[in-house]
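Engineer: The listed protein sequences derive, respectively, from chains A and B.
Here the first sequence is numbered in the UniProt record's numbering, starting from 1 and rising by one per residue.
Here the second sequence is numbered in the UniProt record's numbering, starting from 1 and rising by one per residue.
Below is one structure. I have some questions about it.
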Amino acid sequence: MREHQARQERLRAREFEVFVAGAGGRLLHAATLLTAEPPGAAPEAERLLVWALARTRADWGRLHGEDPYERTRQLLATRFAHTGRRYRRSRGGLLGVLAPQERLVLVLRLHEGVGEEQVAAGLGLPVERVRALHTRAMATVLSRPREDARAAHEPA
Amino acid sequence: MSLPDRKEAEVRRLLVQRTAEPVPADLAERALADGARLLRRRRVLRTVLWGVVLAGLLALTAWSLAARPWSEPPPTTTPPAVDW
Chain A
1 MREHQARQER LRAREFEVFV AGAGGRLLHA ATLLTAEPPG AAPEAERLLV
51 WALARTRADW GRLHGEDPYE RTRQLLATRF AHTGRRYRRS RGGLLGVLAP
101 QERLVLVLRL HEGVGEEQVA AGLGLPVERV RALHTRAMAT VLSRPREDAR
151 AAHEPA
Chain B
1 MSLPDRKEAE VRRLLVQRTA EPVPADLAER ALADGARLLR RRRVLRTVLW
51 GVVLAGLLAL TAWSLAARPW SEPPPTTTPP AVDW
């Protein structure tokens, strides 16, 4: 019995490793956009992602066919939404000019291709609010397309 | 393609642009370690909760066997009704 459990745990760990090898890059990129850190030097994004991945790992045996990628993304999004204030200051990433909530909506909508209603439901916001955040974020990004590097040195 | 669509496509292109950011080799390892810690913590919590429930049941049984609260009839406080 105990041995059977141990074998199952090893199998789950292996599956999890394969999952991270496949999805890790994309998730890390999304997390890096969220924390507005420069690509390649994003300790905060890594910490955020490891937090979400650890929970996905712990629930691996109870996913019941749920997509682990979607689960991790959802965990990442809600964690970021709750701790967003910590990331208000830009660290030189592409979306540093945006407020954390605007970054979150933009990344979920455009980088992850999640629908408006689903984003709203996942974050517990009204759809109108998500739409407004999206519009504002788009306008800001398009009006200051290449200022991300400079924005890092500006006072927030 | 309408104007908002074109704008969205442009921003999307900006977002998905991947510079060669390396995924740290120990990412899965760290998540595995943290996940194992989470599982362990949950298991300990579950064991403690079951322990508390079982200890409570045991204490109740021991007490009721010792005190036999059912062996004595309940005290009567109402005076008997006569000539009513």
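For glycine and all other residues, C-beta sits at the position ideal for the given N, C-alpha and C.
Please report the distance separating the alpha-carbon of A:G24 from that of A:P126.
Structural biologist: On the first sequence, residue 24 of chain A is found 24 positions in, with the first residue counted as 1. On the first sequence, residue 126 of chain A is found 126 positions in, with the first residue counted as 1. Separation of A:G24 and A:P126 (C-alpha to C-alpha, rounded to the nearest whole angstrom) is 30 Å.
Engineer: So, with DSSP's three-state summary, where would you put B:S64?
Structural biologist: Residue numbering aside, residue 64 of chain B sits at position 64 when the second sequence is read from its first letter. Correct three-state label for B:S64: helix.
Engineer: Assess, as a yes-or-no matter, whether the segment 118-125 of chain A is touched by the segment 60-69 of chain A under the definition of 3 or more beta carbon pairs within less than 8 Å.
Structural biologist: no
Engineer: In chain order, what residues of the same chain have a beta carbon less than 7 Å from the beta carbon of A:R131, not counting five sequence neighbours either side?
Structural biologist: Mapped onto the first sequence, residue 131 of chain A falls at position 131. So the qualifying residues of the chain are E116.
Engineer: Would you list, in chain order, the members of the segment 4-25 of chain A that have their beta-carbon closer than 8 Å to a beta-carbon of chain B?
Structural biologist: A13, F16, E17, V20, A21, G24, G25
Engineer: What separation, rounded to the nearest whole angstrom, lies between the Cα atoms of A:Q74 and A:V97?
Structural biologist: Translated into positions along the first sequence, residue 74 of chain A becomes position 74. Translated into positions along the first sequence, residue 97 of chain A becomes position 97. For A:Q74 and A:V97, the distance between alpha carbons rounds to 24 Å.
Engineer: Thinking C-alpha only, which one of B:L14, B:A25, B:L3, B:V82 is nearest A:R144?
Structural biologist: Here residue 144 of chain A corresponds to residue number 144 of the first sequence, with the count starting at 1. Looking at the Cα atoms, B:L14 is the closest of the given residues.
Engineer: Assign B:V52 to one of three DSSP states: helix, strand, or coil.
Structural biologist: Residue mapping note: residue 52 of chain B aligns to position 52 of the second sequence, counting from 1. The answer is helix: DSSP assigns B:V52 an H, G or I state.
Engineer: According to DSSP, simplified to helix, strand and coil, what is A:R144?
Structural biologist: Reading the first sequence from its first residue, position 144 is the one you call residue 144 of chain A. Assignment of A:R144 by DSSP, reduced to helix, strand and coil, places it in the coil class.
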